[in-house]
Every structure is written in C-alpha cells, then in structure tokens.
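K.L.:
Here you go, one structure.
There are 2 protein chains.
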Amino acid sequence: MPKPAPARRVTAADIAQAVGVSRATVGFVLNNTPGQTISEGTRTRVREAAARLGYRPNKAATALAGGRSRIVLLMLPDWPADFSMRTYLEEASRALDEAGYSLVTQTHSAARMARPLWEALNPDVVVGWARFEDQDVASMRAAGITRIVPGPDAQVPLDEAPGVGDGARLQVDHLYDLGHRRLAFAAAADPRIADLVGARASAAQDRAVIRGAELRDVRAVGDAACSAAEAVRAWHEAGVTGIVAYNDEVAAALVGAAVRAGLRVPQDLAVIGHDDSPLAALFVPSLSSVRMDAVRAGRFLAEVALREAEGRPLSPLRYEPDTRLVVRESTAAGAAAGIDEAGADDA
Amino acid sequence: MPKPAPARRVTAADIAQAVGVSRATVGFVLNNTPGQTISEGTRTRVREAAARLGYRPNKAATALAGGRSRIVLLMLPDWPADFSMRTYLEEASRALDEAGYSLVTQTHSAARMARPLWEALNPDVVVGWARFEDQDVASMRAAGITRIVPGPDAQVPLDEAPGVGDGARLQVDHLYDLGHRRLAFAAAADPRIADLVGARASAAQDRAVIRGAELRDVRAVGDAACSAAEAVRAWHEAGVTGIVAYNDEVAAALVGAAVRAGLRVPQDLAVIGHDDSPLAALFVPSLSSVRMDAVRAGRFLAEVALREAEGRPLSPLRYEPDTRLVVRESTAAGAAAGIDEAGADDA
DNA sequence: CTGCGGAACTAGCACGCGCAAGCAGCTCAG
DNA sequence: CTGAGCTGCTTGCGCGTGCTAGTTCCGCAG
Numbered sequence: 138m139p140k141p142a143p144a145r146r147v148t149a150a151d152i153a154q155a156v157g158v159s160r161a162t163v164g165f166v167l168n169n170t171p172g173q174t175i176s177e178g179t180r181t182r183v184r185e186a187a188a189r190l191g192y193r194p195n196k197a198a199t200a201l202a203g204g205r206s207r208i209v210l211l212m213l214p215d216w217p218a219d220f221s222m223r224t225y226l227e228e229a230s231r232a233l234d235e236a237g238y239s240l241v242t243q244t245h246s247a248a249r250m251a252r253p254l255w256e257a258l259n260p261d262v263v264v265g266w267a268r269f270e271d272q273d274v275a276s277m278r279a280a281g282i283t284r285i286v287p288g289p290d291a292q293v294p295l296d297e298a299p300g301v302g303d304g305a306r307l308q309v310d311h312l313y314d315l316g317h318r319r320l321a322f323a324a325a326a327d328p329r330i331a332d333l334v335g336a337r338a339s340a341a342q343d344r345a346v347i348r349g350a351e352l353r354d355v356r357a358v359g360d361a362a363c364s365a366a367e368a369v370r371a372w373h374e375a376g377v378t379g380i381v382a383y384n385d386e387v388a389a390a391l392v393g394a395a396v397r398a399g400l401r402v403p404q405d406l407a408v409i410g411h412d413d414s415p416l417a418a419l420f421v422p423s424l425s426s427v428r429m430d431a432v433r434a435g436r437f438l439a440e441v442a443l444r445e446a447e448g449r450p451l452s453p454l455r456y457e458p459d460t461r462l463v464v465r466e467s468t469a470a471g472a473a474a475g476i477d478e479a480g481a482d483d484a
Numbered sequence: 138m139p140k141p142a143p144a145r146r147v148t149a150a151d152i153a154q155a156v157g158v159s160r161a162t163v164g165f166v167l168n169n170t171p172g173q174t175i176s177e178g179t180r181t182r183v184r185e186a187a188a189r190l191g192y193r194p195n196k197a198a199t200a201l202a203g204g205r206s207r208i209v210l211l212m213l214p215d216w217p218a219d220f221s222m223r224t225y226l227e228e229a230s231r232a233l234d235e236a237g238y239s240l241v242t243q244t245h246s247a248a249r250m251a252r253p254l255w256e257a258l259n260p261d262v263v264v265g266w267a268r269f270e271d272q273d274v275a276s277m278r279a280a281g282i283t284r285i286v287p288g289p290d291a292q293v294p295l296d297e298a299p300g301v302g303d304g305a306r307l308q309v310d311h312l313y314d315l316g317h318r319r320l321a322f323a324a325a326a327d328p329r330i331a332d333l334v335g336a337r338a339s340a341a342q343d344r345a346v347i348r349g350a351e352l353r354d355v356r357a358v359g360d361a362a363c364s365a366a367e368a369v370r371a372w373h374e375a376g377v378t379g380i381v382a383y384n385d386e387v388a389a390a391l392v393g394a395a396v397r398a399g400l401r402v403p404q405d406l407a408v409i410g411h412d413d414s415p416l417a418a419l420f421v422p423s424l425s426s427v428r429m430d431a432v433r434a435g436r437f438l439a440e441v442a443l444r445e446a447e448g449r450p451l452s453p454l455r456y457e458p459d460t461r462l463v464v465r466e467s468t469a470a471g472a473a474a475g476i477d478e479a480g481a482d483d484a
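Written out as structure tokens, the structure reads:
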C-alpha cells in the first residue's frame, strides 16, 4: 500500500477531477441547479463519482457561500423533556430532515452564555415556544438572524395560542361533568416555567367561569412535600373538591399528600394531571390526565419552521391540536360523594 | 433619515474601514493572535469599533477558514432528559462555553436521518456515552470528523466505565446491609436503553456475588401495568425480598404493583430505585434511590471534550463520581421482617 | 460562407475569515 | 554608512461552495 488515504476530506474539486469536468458542473449536478443544461451522461458520471468517493459537502462552506445553513434552532423552555416532548421533537426533526433541514434544540438555561447557540450555529430560523426577550432578539439580530418565531412583536398571548389552553379546558370540563363545582388550580413552583403555568391557569379559570364553576385559588406546589400537604389542607378546608394540576408531577404530589392526610382520592378530593406521563399510570391511585398528540404538534413545528425559513407566509397555517382526556382512578366517575348539594343550581 | 441600516451584517472589513487599518489587523487584534505586534492604541481602537458596531464574527467563515467550528456535539441515548440530566448538560454547556466552545446535544433517535447532525454542524468533537456503531463512525469520518469519544476501538466495557456501575453497587450494598439476601434486578423494557440497563444489571450481579448475596433474576418491567404485577408475583414466590430497580420509574411501577397485590413495602418487598428523580420523593411509599453528582459529571464531560478538541491526551484524566444513597420508605431500615433466618450464614 | 441559437459546459468572483509572508520605517551595533 | 533586527503594520492567498457571466461547439437556416 502506498498510503491508505490522504486523510483529507473529499471536495467537489476532487469529483470534478475524477470525472474530468469543471467544479461548477459538479455543483450544478449535485444541487440540481435549475436553468442549467447538463447531459444525462455527465450527470450520471458525476453522481457516481460522488458516491464512490464518499463526497459530503462542507457545510461551513455551503453556509458561507449560500448564506443559508439549513439549520433550525429550537429554543425550549427549561422544563423536563418528558416522553411526549421527545416524540414531539423526534417528529419535528424527522419532518425537517426530509425537507433538508436539521433541527437543533437547546433548553434555555438561565445562565446566559458568552456565546449563545444561535451565534455559533448560524441558523436560518430560531423558533421558540414563547416570545423571546428583547435582549435575546437583539443578540440574534446582531448574529445576522432575521427569521425569528414567534416574532418579537407577536400579538397572541400565550394562553390563547392554539393548543396551550386546550388541556386545561378539558381538565375543567371533566371535573365539572363529574359534579365538582369548587375547583382549584395547582401550579408548579418552578419559576422557569411560570409562563406556561400561568397560561394554563388562566385558561382553566376562564373555562370555569364559562361552565359556571368556581376556580379562584391558584396555588403553587413545589418539590417540598410540605407545600403539597399545606395546599391540600387549605383546599379541603375551603370546600374544594376538584383540583386541576399543571402537570402529572404536581398532581402526584397532591395525591400523595392527600393520601398521607387521610383523604380519599377521588371521593374526598379529585385530582387531574396534565401530559399523561408514564408516572400517571403507575401512581397509586393512578392519575387521570390529559394527553396531547405530540406527533401532530411536531409536524406543526416543522411546517412553521420551514415556511419561515423559505420566506413563505405563516398565516393560512392553523394548528389543530388533538388533546384527549385520559380518565383514571384519581377522578373516577361515580366516586365523587357529598358534593351533589353544591352543584345543583345549574343544568 | 436616509436609511436606518443596510440590514447587512457587520464584518471585519467594516471595522477595518472604520478604524483605518487593514482587515488583517482587525483579525489579529480580536483573536489576540500570538506573534503579532500591534500597538496598544490600535488594539483599543479596533476593539472599540467592534463593540460599537456590534461585530459578531461569521461562524461559517471562521469554521471554513480555521478548520474548526468550536462546536462539541453530544449524542445522548434516547432516554428521558430528567432533571439530573438537565443539570449535567447545563454544567457541561457552561464549562464549554467558558472555554469558547458550544455544546449541542441530540438524543439519538432510532430513525436514521438523511443528514445526521454531525454532518450539518461540522463539530470538532463528537462525544457519546457508549461506543458508536461502525456505521455512524464511518459517517462521521466521511463528514471529516476525526475526534470521536469514546473512540471506535474503546476497550473499556460500559459496566466497568467509571460511574456507570457505582449506583448499582450502592443499591446492592444497601439492601444487603438491611439483611436482604435474595435479590432481583428489575430492568426497563425499553430497548433503546438496553446497553445501560445491562451494564447496571451486571454491575449489580457482580456486587451481589462479592457480598455473598444472590441476584440472579433479571426481569424487564415495561410500561404495561401487568408486567410489573407479574414480576412482583414471580419474585415474591421465589422468596426475593429486595429489588434493585434500574431507575425510579421502574421502582415506582413495582412498588405500585406490590401495593395493589397486597404486599407491604418494605416489609414484604424492599425496592430501591436509581437517579433520585423528583417522583421518588412523591411516591407513596416514598422511594429509596441513588443520586449522582450531575454537576461533577457535567464538568467531566466538558473536560474530556475540551482535551479531545485540542488534541490533548485524555489518559491522566480520571472521573471520580460522587454517588450517594438516598434512603426513604421503600427500603426503610428495621422494617425488613422475616428475612433474618435467610441471611445468618455470613458476617 | 455566414449568422444564429441552443446545448453543454467553464472561468472566475464572492462569501468572511485566518494566517503566512512581506514591507516600510526606525534603532543601533560595527 | 551599512545592514541586521525590531516594531507595526499590509498584501494576499486559501478554505469549499454557489452562482453569474461567459465560452465553445455544433447543427442548421439563409
């Protein structure tokens, strides 16, 4: 053997030399550049040589020359990437990959980096779940990023954004239909997700008003066991019989606290969670919850990112979430005793 | 106003023009290029102009010219990014940012992408938790990536890698010290994490042999409630009194099944989880678990990636994990009744 | 024989930056 | 007075690709 390989990457010039054409031709063939007439024979020979040599275009050069990196950066809030989130991301990633884009996600940590990821990656689009802070927007602008979703002047508040409040409305409806009229909302104490928690809480409150139930008390339940116990005690004393929890973890904490306090779930206190995490089914008693169609949400994200990347309008696009109730023991029907007298005043 | 801004990104040439020096000088100043003598006055003026104009170097151009992207790609297995993982990633990200690198993570999905992320990002280093498949290594090679950790011919098996088996050993020791002699390992059914599950299982088995306990039955517990019930029944019939669970979720499923089957936890069956997820403290009974120091692990990852990126040797680096037992109700001391006769034959 | 138009390419610039090489001006030993 | 050595810069190439503006060849009508 004279030398196994030059350990140098294969470039378009190598293909050009191997085939005996110019580098431009190679580019035209491999990119299917419209407006160029290249004979079928040449096309074939170029493609074969590319495959044979294992050509991978240098993305840094592509990005520099073309001005597009074909990267979509998704900034996620700092909450757990549970299993439905993973499905969501996987689907979005798959859909974008099909369109020739790569999805990169980062969970936005509180500590501000010296070099934010959008600066390092040069993404074509930055997508977030909530509006970005002005500081971040300015940083993106300086990094040459013009396509930001949601735009810096998005007008829709988070709790009215499609999909965000649907789960909360289902939760309220479910408890109402079981006869509960005094409800409370159990928020998560984690400040990092305050936006989403607040959005779900206000969606729940609005729904309660519409249905004619009472949902005033919004209380944060932290990781500390005592806070859950305290909340359960206060709610029970106030005559609350149904609790809308921000997510399954909060619901679990409350159910645990209720059981420890000697309350029966769901007879004395019904609790419904959100997200249908695996934990919900395992808990004793098992937790009712709300599940969202992560695949559909992922596809929606991909579509939004693609349209933005290619400068197509987002407007005709509408997200139709598929949110479903998952009823389990923690809100079992027929078990809500002693609350009939409270809810007899309306149809 | 004649026109607010050309909407064009600020380049080094703009700074050069503003200051009245050549573009090279700008580069030398901003990169602190060694071996160049630039007067302090010029340095200051360049830096001021850069700040004033909001200069952000184009990373695509930097990567192309310098051959380094200063990106570290971490490929994670497809398991949940729970809260300790997030701490881990955050710390690693912070440490790398300090050194001028960006950390990008991707959870390796089963579906193979048309364009893997390492191709799109051109990272200097790709780091994984387990050895990469040959196919992936080949793909990285073709994309011009030479620095891969662990190397394609890493010799240390996963269960002997520092940190991987420590938790399992602690779990076994804990149950042993409580008097349990017949143990079982509860694996997770998810095939995506089979490697890690297997590594923990074999570490647990080895430890049990060393201590003189019996741990033979390794059984997968899936999401379906029936599989947990079935496993609990089989183990209880076989006289197993202590269960080492792969993680807290599996532990929760087992404890739930045991309670439903009328067994007392921990009196009839002690269960210890792994990872100390928030769920562990909330469950009723609360779950004993094992917690690892995610901050330390994150720093270790960053250090490994940095050394590899800069071509420094990894060898003198040693990971000293800080793995600790968290004892809760599911293995409460003194509650293990009726097993004393089984464990009287050794010191 | 000339002109023309289309097919099938090629030459070469631009992208923004890192960095090697070079060059003017000055100082100072010999 | 020369030239070696230093400071403080500038010129310019190269990275690999996209893409515009050609150029060559060739068939065919006039």
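Chains A and B, in that order, are what the protein sequence lines are. 138 is the number of the first residue of the first sequence in this note's numbering; add one for each residue after it. 138 is the number of the first residue of the second sequence in this note's numbering; add one for each residue after it. For each residue, glycine too, the CB sits at the ideal point set by N, CA and C.
1) Let me confirm a value: B:L226 is counted as buried when at least 16 other C-beta atoms fall within 10 Å, else exposed. Which label applies?
2) At which residue ranges does the region 374-453 of chain B contain complete beta strand (DSSP E) runs of 3 or more residues, listed in the order of the chain?
3) Starting from A:T460 and walking both ways along the alpha helix (DSSP H), at which residues does that stretch end?
4) Taking contact to mean 3 or more Cβ pairs, one atom from each stretch, closer than 8 Å, check whether the region 306-314 of chain A and the region 459-471 of chain A are in contact.
5) Compute the Euclidean distance between the alpha carbons of A:A142 and B:R337, then round it to the nearest angstrom.
6) Please confirm whether A:A305 and A:V381 have their CB atoms less than 8 Å apart.
7) Quick one: Cα of B:L424 to Cα of B:V463, how far?
8) Look up A:T199 in the DSSP assignment and say whether it is helix, strand or coil.
9) Would you call A:Q243 buried or exposed, if buried means 16 or more other Cβ atoms sit within 10 Å of its Cβ?
10) Please determine, among A:V286, A:R146 and A:G300, the residue with the shortest C-alpha to C-alpha distance to A:G448.
11) Closest by CA to A:E256, which one among B:M250, B:Q173 and B:V241?
12) Does the separation of the CB atoms of A:A350 and A:T378 fall below 8 Å?
13) With a cut-off of 8 Å, does the C-beta of A:M250 fall near any C-beta of chain B?
14) Does the beta carbon of B:R146 come closer than 8 Å to any beta carbon on chain A?
15) Would you say B:A280 faces chain A, with C-beta separation under 8 Å as the test?
16) Indicate whether A:A248 and B:R231 have their beta-carbon atoms separated by less than 8 Å.
17) Give the interface partners of B:I208 over in chain A, defined as CB-CB distance under 7 Å, in chain order.
18) Would you say B:P328 reaches chain A, if we count a Cβ-Cβ gap shorter than 8 Å as a contact?
19) Look up A:G204 in the DSSP assignment and say whether it is helix, strand or coil.
20) Around the C-beta of A:A474, are 16 or more other C-beta atoms found within 10 angstroms, so that it is buried, or is it exposed?
21) State yes or no: is the beta carbon of B:T468 nearer than 8 Å to at least one beta carbon in chain A?
22) Is the beta carbon of A:S426 sitting closer than 8 Å to the one on A:D459?
23) Locate the alpha helix (DSSP H) running through A:E270, then write down its first and last residues.
24) Determine, for A:A137, whether the minimum Cβ-Cβ distance to residues of chain B falls below 8 Å.
25) By the DSSP assignment, the beta strand (DSSP E) with B:V542 in it spans what residues?
26) Could you tell me the distance, in whole angstroms, from the CA atom of A:D234 to the CA atom of B:A446?
27) Distance cutoff 8 Å, beta carbons only. Does B:E227 sit that close to anything in chain A?
28) Going by DSSP in three states, B:A321 sits in which element: helix, strand or coil?
29) At the 8 Å Cβ level, is B:G393 part of the contact set with chain A, yes or no?
30) What residues of chain B sit near A:E386, judged by a beta carbon separation below 9 Å?
31) How long is the line joining the alpha carbons of A:L391 and B:A442, rounded to whole angstroms?
32) Could you tell me whether the Cβ of A:L486 comes closer than 8 Å to any Cβ of chain B?
33) By how many angstroms is the C-alpha of A:E374 removed from the C-alpha of A:R428?
34) Closest Cβ-Cβ distance between A:R461 and chain B: below 8 Å?
35) I need the boundaries of the alpha helix (DSSP H) containing B:I347, first residue and last residue.
36) Cβ of B:V369 within 8 Å of Cβ of B:A388?
P.N.:
In terms of the structure at hand:
1) Per the 10 Å Cβ criterion, buried.
2) Whole beta strand (DSSP E) segments, 3+ residues: 379-382, 407-409 and 426-429.
3) Per DSSP, A:T460 lies in no alpha helix (DSSP H) segment; the continuous beta strand (DSSP E) that holds it begins and ends at T460 to V463.
4) In this structure the region 306-314 of chain A touches the region 459-471 of chain A; the number of beta carbon pairs closer than 8 Å is three or more.
5) Low per-residue confidence applies at A:A142: pLDDT is 46, beneath 50, and the placement is therefore not dependable, though the value from the model is reported in the following sentence. In this model, A:A142 and B:R337 are separated by some 40 Å (Cα to Cα).
6) Yes; because the gap between Cβ atoms is below 8 Å, this pair is in contact.
7) Between the alpha carbons of B:L424 and B:V463 lies a gap of roughly 9 Å.
8) Taken through DSSP and simplified to helix, strand or coil, A:T199 comes out as helix.
9) Its Cβ being crowded by 16 or more others within 10 Å, A:Q243 is buried.
10) Nearest option by C-alpha distance: A:V286.
11) The shortest C-alpha separation from A:E256 is found at B:V241.
12) Not in contact: A:A350 and A:T378 (Cβ atoms no closer than 8 Å).
13) Yes, its Cβ sits closer than 8 Å to a Cβ of chain B.
14) Using a CB distance cut-off of 8 Å, B:R146 counts as an interface residue toward chain A.
15) Yes, B:A280 counts as interfacial toward chain A.
16) In this structure, B:R231 lies closer than 8 Å to A:A248 by Cβ.
17) Going along chain A in sequence order, the residues near B:I208 (Cβ under 7 Å) are A257.
18) B:P328 does not count as touching chain A.
19) In this structure, A:G204 counts as coil in the three-state DSSP scheme.
20) Because the pLDDT of A:A474 is 42, which lies under 50, any placement of that residue in the model is unreliable, and the question is left without a value.
21) Put simply, the CB of B:T468 is far from chain A, with every gap to its CB atoms at 8 Å or more.
22) Their beta carbons are not under 8 Å apart, which means A:S426 does not touch A:D459 by this criterion.
23) Under the DSSP assignment, A:E270 falls outside any alpha helix (DSSP H); it carries neither an H nor an E label.
24) What the structure shows of chain A is the stretch from 138 to 484, and residue 137 of chain A is not part of that stretch, so it cannot be assessed.
25) With chain B covering only 138 through 484, there is no way to say anything about residue 542 of chain B.
26) Taking the straight line joining both Cα atoms gives about 27 Å.
27) By the rule that beta-carbons nearer than 8 Å mark a contact, B:E227 touches chain A.
28) B:A321 carries a strand assignment under DSSP once its states are collapsed to helix, strand and coil.
29) B:G393 counts as touching chain A.
30) Here the neighbours are P415, L416 and L419.
31) Their Cα atoms are separated by approximately 42 Å.
32) Outside the displayed range of chain A (138 to 484) lies residue 486 of chain A, so it cannot be described from this structure.
33) Answer to the nearest angstrom: the Cα atoms are 31 Å apart.
34) By this cut-off, A:R461 is not an interface position.
35) DSSP places B:I347 in the uninterrupted alpha helix (DSSP H) bounded by A331 to R348.
36) Result no, Cβ atoms of B:V369 and B:A388 do not sit closer than 8 Å.
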